[in-house]
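Using the numbering used here, read the sequence shown as starting at 22 and increasing by one per residue. Working notes for the structure below.
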Amino acid sequence: MATLTFFGAARQVTGSCYLLDDGKYRVLLECGLFQGPPDVERLNERPFPFDPKTIHAVVLSHAHLDHSGLLPRLVRDGFRGPIYATPPTGDLLEIMLKDAAFLQERDAEWENQRRRRQGREAAEPLYTIADVERALAQCRCLPYGERFEVAGGFSARFRDAGHILGSAIVEIGIGSRRLVFSGDLGNSATPIMPEPERVEAADVLLLESTYGDRDHRPIDATLREFEEILEGAAADGGNVVIPAFAVGRTQELLYYLGELHEAGRLKQQRIFLDSPMAIAATEVHQRYESLLNGRIPGTWSHGGRHKVLPPLQYTRSPEESMAINRIAGGAIIIAGSGMCTGGRIRHHLKHNLWRREARIVIVGFQAQGTPGRELVDGAKRLHLLGEDLAVNASIHTLGGFSAHAGQSQLLAWADGFARRPRLYLVHGEPDKMTVLRAKLEERLRWTAEIPQANQTIEV
Ligand SMILES: [Zn+2]
């Protein structure tokens with residue numbers, strides 16, 4: 022018998038963290054960053070609710086920061102055991118954690134300039150690049166399907182969750198009992214990712230519920246709208262600017278653009294992937310093509326162009342990025358950050374927002390308080406890079422792209438279990454969890470529990 026304590030992603034969508042303890046060994050499932058408004062992000066700074074030195078191993082479902090982003094802090098605070106993940110997760114983790122550490126160090130530096138002026142004590146970054154390097158050195162990568170020893174009586178096996186490259190459903194064996202953690206389950210309508218694998222048996226199931234309250238808009242309708250936006254921009258002679266998330270969404274967009282190009286329906290002859298992080302993530306996808314359903318078009322570094330999407334150019338250096346500013350129309354520019362809070366996208370917005378003929382296409386979630394959210398909400402002016410910009414471009418929000426299973430997909434996946442395990446809903450906002458719980462009851466006659474933060478159960 023062991024216990025499981027819900028330390029994060031309980032009645033919320035970020036900060037995934039579950040502690041398994043059989044009295045002798047302690048295994049941490051996920052070590053995610055809390056993301057959102059300042060009062061939520063402050064949770065990242067509080068001491069861990071356990072001693073990291075007493076943890077024997079970590080098992081990680083995928084590379085998204087809300088699942089992995091506190092690993093460097095765990096290591097800094099004394100964790101010395103292995104971190105188990107799939108090989109692509111290991112590669113993506115390097116990109117994402119280094120970027121996160123870079124931002125943490127930069128934020129601390131700005132904060133410290135302010136504190137010095139006020140004669141206050143300096144602040145430490147949440148973690149540094151050096152902490153990330155140590156965490157990466159503790160990663161042990163194992164492929165899907167292979168059962169492996171974790172620590173003491175704990176074993177594990179990864180199954181493909183189809184959410185982002187490398188994402189896993191985690192089966193944990195505890196003696197003869199089995200705990201299944203869904204991780205983030207993928208959206209089966211996404212062409213490049215495989216369907217989430219069905220799992221047949223478990224004693225206890227932790228099910229994510231991000232979109233527990235609804236189904237996504239059909240992807241076909243979203244793609245038709247996307248194509249019309251591209252055509253409109255080409256006809257008007259404007260650029261298409263897309264703030265994109267580096268991992269997953271960017272590669273999906275490239276896939277769709279590749280399809281349009283091959284079908285002879287893409288007017289734009291210049292496509293820029295203007296983000297070193299997104300370029301690196303795209304290269305990881307190309308490395309693991311066998312795990313994907315569709316080919317990701319790309320370019321090679323020697324100026325060669327990929328046959329699937331010849332207009333695509335990677336712009337790695339700041340000089341190449343700045344040269345894009347001189348292009349007044351006819352280009353598609355994909356750049357980060359996804360919510361326009363930093364990165365090169367801000368410069369492209371500055372040079373295009375005021376142009377009536379330009380199109381800004383929002384393809385991912387925009388949190389409250391971000392420039393991206395202001396655009397979605399119809400702002401007529403936007404304060405960016407110290408300037409007050411007129412918003413004349415048309416702003417389009419495409420809601421159909423999602424890397425998460427919608428409600429019907431969650432229900433169908435859960436229904437794959439031969440016998441009903443004890444069910445706990447995690448990784449969702451409380452109102453969405455309540456809707457999903459009612460649906461599970463109504464459609465599958467299955468009662469789910471919604472655990473509180475810090476609640477402990479027996480598994
Ligand atoms: Zn995720």
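By construction, the Cβ of each residue, glycine as well, lies at the ideal position given by its N, Cα and C atoms. What you are looking at is a predicted structure, and each value in this text was computed from that prediction instead of being measured.
| Check | Outcome |
| --- | --- |
| Near ligand 1: Ile185 beta-carbon under 7 angstroms from a heavy atom | yes |
| Rounded C-alpha distance that separates Leu403 from Tyr309 | 39 angstroms |
| Beta-bridge pairing of Ser176 - partner residues as DSSP gives them | Glu170, Gly194 |
| DSSP three-state assignment for Arg138, whether helix, strand or coil | helix |
| Local conformation of Tyr445 per DSSP, three classes | strand |
| Three-way DSSP call (helix, strand, coil) for Arg63 in this model | helix |
| For Arg63 and Arg141, the rounded distance between their alpha carbons | 19 angstroms |
| His77 CB to nearest heavy atom of ligand 1 below 7 angstroms | no |
| Cβ pair Leu465, Leu431 closer than 8 angstroms | no |
| Reduced DSSP secondary structure (H/G/I, E/B, other) of Ala256 | helix |
| Local Cβ density within 10 Å of Gly390, reported as buried at 16 or more and exposed below that | exposed |
| Residue environment, Gly166, which counts as buried when at least 16 other CB atoms sit within 10 Å | exposed |
| As assigned by DSSP and simplified to three states, the class of Asp409 | strand |
| Inter-residue Cα distance where the pair is Thr243 and Thr231 | 20 angstroms |
| Closest residue to His384 among Gln334, Arg238, Asn346 (Cα-Cα distance) | Sequence check: residue 384 is Val here, not His. Taking only the C-alpha atoms, the option nearest Val384 is Arg238. |
| Span separating the alpha-carbon of Pro164 from that of Thr75 | 27 angstroms |
| Whole-angstrom distance between Asn260 and Pro472, CA atom to CA atom | 47 angstroms |
| Whole beta strand (DSSP E) elements within the region 280 to 359, 3-residue minimum | 291 to 294, 333 to 335, 352 to 356 |
| Cβ-heavy atom distance, Asp205 to ligand 1, below 7 angstroms | yes |
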